[in-house]
Each structure stands twice: as structure tokens, then as C-alpha cells.
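Written out below as C-alpha cells is the structure these notes cover.
Chains as they are written, first to last, in my numbering: chain A, 90 to 238; chain B, 57 to 485.
Written as C-alpha cells, this is what we have:
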């Protein structure tokens with residue numbers, strides 16, 4: 090089981106390591122280095138999972154979440170938030186912003202892989218529950234186009 | 057009872073502190089024990105040679121015996137017991153004079169409490185607002201995350217191909233260096249955990265401590281070609297990158313000012329006209345605020361008097377402070393809004409002179425000279441960035457009409473002040 094991940098991370102070496110890990114498991118990974126173009130990118134390319142750093146140049150992860158959840162087509166997208174700020178207040182704010190899972194740095198590679206797999210699986214189950222016949226990407230894309238109209 | 061009338065009580069107090077018997081003290085100054093007894097019970101006035109002799113044997117200044125507790129001790133004591141009913145406060149002189157050691161102990165205890173309170177507020181503020189600390193921690197954790205992730209990949213039994221291996225090793229080396237640097241800065245920042253009350257914590261505080269350590273004077277920069285970087289490199293105070301950047305800015309300004317107002321001609325001018333910023337500005341064709349900065353940077357031995365300086369930005373935030381005895385500058389929180397430096401912000405480019413006195417904590421009469429100026433580029437399409445500076449010149453004489461002001465609301469007892477932001481901890485004075 091694999092799919093498409095967009096990773097928003099300004100630390101190049103973290104991004105490179107995560108991209109390597111996911112790519113090796115068959116995921117296609119695109120990396121963005123700041124928060125300014127995330128929503129615009131997601132409107133054109135809808136990934137299966139979004140990995141989002143909290144502290145980003147341009148626009149913070151929480152601001153990205155706010156924009157994301159206000160978009161009808163993106164509001165259910167599974168989001169794994171990575172952060173060096175592990176205070177309970179940050180976690181609460183992330184949950185309120187609609188983050189699906191919260192992970193503090195430094196994390197292990199297996200934690201990231203497991204989280205991405207879980208989020209993807211949950212999203213698929215959710216979609217199947219909504220419409221059992223619509224499980225493949227092509228059909229979902231078709232549904233999205235219909236919804237847009 | 058007047059202060060002078062209690063001279064005998066003070067002699068007795070000092071004798072007991074010294075552990076002397078009445079008879080021994082009397083013998084050492086050539087009087088009888090019964091006469092000393094009368095003196096100690098304030099039934100005989102003394103002065104002249106006998107007073108000097110007693111003071112010498114008791115190892116105190118004669119004035120300590122005749123005038124009692126110093127004014128600063130009394131002022132501090134008033135602050136410490138400000139919560140007491142006013143009728144009790146009226147007896148504060150008597151208490152300080154009868155029991156000077158207890159009074160000093162009480163003041164010391166109060167000062168310690170104040171210091172601890174300031175530490176608590178500073179730590180709380182740091183945790184909440186210190187972007188430098190937050191950024192340092194973020195840097196350390198992010199770099200650690202990169203190292204952990206990369207190292208785990210390299211340590212996998214199946215390994216990675218040579219291209220990726222070379223690339224990840226390069227990343228590891230880069231991150232390890234970065235981690236070493238950011239960890240060192242963080243450790244220095246958090247070091248001396250038992251010394252929170254004196255340790256500078258924020259970049260601006262580090263720079264202020266650095267400037268104070270150097271007496272605000274940098275001989276290397278008085279000449280053309282002085283190296284700012286070498287000054288900063290040799291300063292143990294400037295721990296963080298942020299404080300080093302601030303220090304570079306401050307010293308660069310210093311060097312520019314030193315070129316505009318060279319030390320030797322400036323000192324000659326001061327000898328001619330005194331510490332008169334307007335006359336100096338005219339003589340050197342320089343703006344007043346540059347003269348302010350130069351006067352505050354030269355050694356007091358050269359200028360011949362103490363000078364303090366405060367510079368704030370348009371928000372009222374103090375961005376530079378050089379304290380001077382007789383005018384208290386709070387380290388925490390906002391300053392008194394009555395300071396002329398803030399008035400100067402409302403009257404751009406108009407010099408303001410005010411004779412002021414802080415009426416708490418042993419304030420002296422000070423002449424404050426303030427002016428504001430536009431910093432940076434001035435253009436038609438944007439508002440100027442205003443700054444204001446205030447030179448503080450303590451005076452040795454008391455003027456009848458002075459502007460009464462404080463250091464900050466929290467420790468100011470001025471009643472019915474329209475500018476008060478918060479209640480004072482000092483009441484009923």
C-alpha cells in the first residue's frame with residue numbers, strides 16, 4: 090500500500106531523509122520548503138497524506154492548517170504534523186487546527202513510516218465507508234471534479 | 057525626638073555591637089563610666105573632641121553617631137515596610153536609629169525578596185516571550201531529528217547504495233557541526249543556573265552587560281580602523297548570535313559617532329563650554345542625539361561628571377540604557393511615562409530640558425535633556441521611524457520646582473498620578 094505524500098519541511102536534511110525512507114517503500118514524495126504555496130499546491134495535486142512541519146518560513150504549519158481546513162476539498166486530508174515544540178499547548182493548538190497526528194522531533198524513522206501508513210489506511214477506510222464503490226484514485230478524482238461543479 | 061537627641065542611644069548601640077563594657081569605653085576616652093552612662097541615656101549632649109574620640113574607639117564615622125541611620129537606609133526601610141499603617145511609619149526614624157542593625161537586616165531581606173520576585177518575573181517572561189531561547193531549542197531539536205533519521209538509515213543492515221551513503225554522510229557531518237554550535241550556544245545561555253538574578257538572559261541584556269563591562273568606551277574604535285569583530289570575539293558576555301549581531305550594530309554606530317565627534321576635540325570642547333550638548337552640536341555641526349551618544353560613551357574622568365543615557369524607539373521600548381546614580385532605570389517592565397524622553401517622542405526634533413527628581417529610592421535632582429529624531433531613510437511616502445534619547449545629568453543642588461517622576465509605576469509611590477498604569481507595591485507613604 091503506497092501513494093502520494095507531500096512533505097512541507099524547511100530543514101533540508103530532515104526532508105531528504107524522510108523522502109528517502111518513503112520513496113524506498115514506494116511512495117511518491119514531493120517536498121516544499123516553506124508554508125506559502127502549500128494550499129495552492131494541494132488544490133492542484135491532492136496527496137494521500139500531508140506531512141507538515143509546525144515552524145516554517147513564510148507561513149507557519151498552523152496557518153497552513155487554517156487555510157487547508159477552510160477549503161471544502163482539502164478539509165478531510167490526513168495531516169501528520171512534525172514539530173520541535175512538544176509543549177501541551179502546541180499539541181492542543183494543533184488538534185484544534187485539525188491536525189490528524191502530532192509527532193515531536195526527534196522522531197524515529199519507523200514512527201514516521203508507521204504514522205504515514207496508518208493515516209493513509211484510515212483515509213481509505215473513511216472513503217470506503219462513505220462510498221464503498223469509490224476506492225481507487227481515478228474514481229476519487231472523478232468525484233472531486235463532480236463536487237467542484 | 058530629634059535625630060541629634062539620640063546620639064547617646066547610638067553610642068550605646070555601637071558599643072554593644074562591638075562587645076565593649078561601658079567602663080572600658082569610658083576609660084578609653086578619658087571619662088567616667090557614670091558620665092558615659094548619662095550620655096548613653098541621652099541625658100548629656102556631647103560633641104567636639106569627645107565625640108571624635110568615641111567614634112574612633114567605636115570604629116564609626118562621627119556623623120553616624122550624630123545623624124544616625126543614613127537617608128538611603130531610611131528610604132529603603134520606608135519602601136520595605138510600606139504596607140504598615142501610617143502612624144507606625146511615622147516612627148520609622150526612631151526605629152532605624154535605635155536598632156540600625158535590625159533595620160539594615162530588614163532592608164536586606166526586602167531587597168532579597170525584590171530580587172527573587174524580579175527573577176521569577178524574568179524567568180516567566182523568558183519562557184513566554186523569549187524567542188531567542190525558543191529558536192535555540194528548535195534549532196537543537198531539528199538538527200537532532202535530522203541526525204537521528206540519517207544515522208538510522210545508514211545503520212540499517214541492508215545499507216544504502218554508495219551515492220546515497222556519500223550524500224547522507226555529508227548531511228551527517230553538516231548536521232553534527234551545526235548541532236555542536238547550537239548546543240554550545242544553548243548551554244552557555246542556560247549556564248550559571250544558580251545565578252539567575254545577575255545573569256543576562258536576553259540578547260539586549262547581554263549587550264548592555266557587555267557595554268557596561270567596558271564602561272561604554274572602546275578605545276580601539278576611537279581611531280580609524282579598529283576591529284569590531286575582535287572586540288566582540290574577546291567578550292565572554294556576548295554568548296548568543298543574536299546578542300553578537302546587536303553588539304555589531306551598537307559598535308558600528310559607535311565608530312560612526314567617533315568619526316563625527318573625535319575624542320580629543322570633543323574633550324577640548326567640553327573644557328570650553330562644559331557638558332552643553334547644544335553648544336557642542338553647534339560647534340561640530342552634528343545632531344543632538346549624536347552628541348548625546350558621544351557624551352555617554354566617553355570616560356567620566358575625561359568629562360568630569362556622571363552621565364546617564366536612555367534611548368527608546370517610537371513604541372517607548374528602551375533600546376539603550378546607561379544608568380547613573382540618582383536616577384533609577386528599571387530592568388523589567390515599562391518605565392515611568394513622565395520621563396522627558398517619552399515627551400520628546402510627541403514633539404519630534406524639539407529639544408526638551410526638564411529638571412526632575414525621582415522621589416523614591418534616594419533619587420537626586422537631575423537635568424534631563426531629551427530630543428527625538430528620525431532614524432533611517434526619510435521619504436514622502438512613509439512615516440519616519442522616530443527614536444528619542446534622554447541625557448541624564450545628576451545635579452548636586454536641590455531645585456525648588458522639579459518634575460516629580462518615578463522609575464516605573466510598580467515601585468512608585470506618587471499619589472494621584474494621572475499617568476499611573478498599575479498600582480504600586482509602595483503604599484501609604
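In this text, a Cβ means the ideal position worked out from N, Cα and C, and glycines have one as well.
- With a minimum length of 3 residues, the unbroken runs of beta strand (DSSP E) contained wholly in the region 369–442 of chain B fall at 374–378, 408–414, 421–431.
- Counted as a single uninterrupted DSSP element, the stretch harbouring residue 125 of chain A is not any alpha helix (DSSP H), since DSSP gives it neither H nor E.
- The DSSP-derived three-state label of residue 70 of chain B is helix.
- Under the Cβ criterion of 9 angstroms, residue 190 of chain A is not counted among the residues facing chain B.
- Secondary structure of residue 317 of chain B (DSSP, three-state): coil.
- Taking the Cα positions, residue 270 of chain B is about 25 angstroms away from residue 243 of chain B.
- Taking a C-beta cut-off of 8 angstroms against chain B, the contacting residues of the region 110–125 of chain A are 110, listed in chain order.
- Taking each of A/196, A/143, A/137, A/132 in turn and checking the Cα distance to residue 118 of chain A, the smallest one comes out for A/137.
- The beta carbon of residue 149 of chain A sits no closer than 9 angstroms to any beta carbon of chain B.
- In the three-state reduction of the DSSP assignment, residue 287 of chain B falls in the helix class.
- The beta carbon of residue 152 of chain A does not come within 9 angstroms of any beta carbon belonging to chain B, so the residue lies off that interface.
- Per DSSP, residue 191 of chain A is one residue of the beta strand (DSSP E) stretching across 190–193.
- Fewer than three beta-carbon pairs drawn from the region 367–374 of chain B and the region 452–459 of chain B are found closer than 8 angstroms, and the two stretches are therefore not classed as touching.
- Distance check between residue 475 of chain B and each of B/426, B/421, B/391 places B/391 closest, using alpha-carbon atoms only.
- Residue A/109 holds the alpha-carbon nearest to the alpha-carbon of residue 217 of chain B among A/102, A/135, A/133, A/109.
- Residue 357 of chain B: not part of any beta strand (DSSP E); member of the alpha helix (DSSP H) spanning 356–359, first to last residue.
- The beta-carbon of residue 193 of chain A is placed less than 9 angstroms from the nearest beta-carbon of chain B.
- Counting the other CB atoms within 10 Å of its CB gives residue 211 of chain B a total below 16, which places it among the exposed residues.
- With three or more CB-CB distances shorter than 8 angstroms, the region 350–364 of chain B counts as touching the region 321–330 of chain B.
- For the pair residue 167 of chain B and residue 62 of chain B, the CB atoms are not nearer than the 9 angstroms cut-off.
- Around residue 132 of chain B, the same chain offers 163 as residues with beta carbons nearer than 6 angstroms, after the five sequence neighbours per side are excluded.
- The DSSP-derived three-state label of residue 117 of chain A is strand.
- Cα atoms of residue 281 of chain B and residue 273 of chain B: separation of roughly 16 angstroms, rounded to the nearest angstrom.
- Nearest neighbour of residue 92 of chain B by Cα position, chosen from B/393, B/363, B/110, turns out to be B/110.
- Between residue 220 of chain B and residue 209 of chain B, the CB-CB gap stays under 9 angstroms.
- Going by DSSP, residue 168 of chain A is part of the beta strand (DSSP E) stretching over 168–172.
- Fewer than three beta-carbon pairs drawn from the region 297–316 of chain B and the region 325–332 of chain B are found closer than 8 angstroms, and the two stretches are therefore not classed as touching.
- Contacts between residue 227 of chain B and chain A, judged by CB atoms closer than 7 angstroms, involve 102, 105 in chain order.
- Within the region 110–124 of chain B, no residue has a Cβ lying closer than 7 angstroms to any Cβ of chain A.
- Closest in alpha carbon position to residue 170 of chain A, among A/161, A/132, A/151, A/105, is A/151.
- For residue 148 of chain B, the enclosing alpha helix (DSSP H) has its first and last residue at 148–154.
- Residue 364 of chain B is not a Cβ neighbour of residue 341 of chain B, given a cutoff of 9 angstroms.
- In this structure, residue 302 of chain B sits away from residue 287 of chain B, with a CB-CB distance that is not shorter than 9 angstroms.
- Its Cα nearest to that of residue 165 of chain A, the residue A/154 stands out among A/100, A/201, A/154, A/123.
- Not a single C-beta of chain A is nearer than 9 angstroms to the C-beta of residue 139 of chain B.
- The three-state reading of DSSP puts residue 165 of chain A in coil, since its state is none of H, G, I, E or B.
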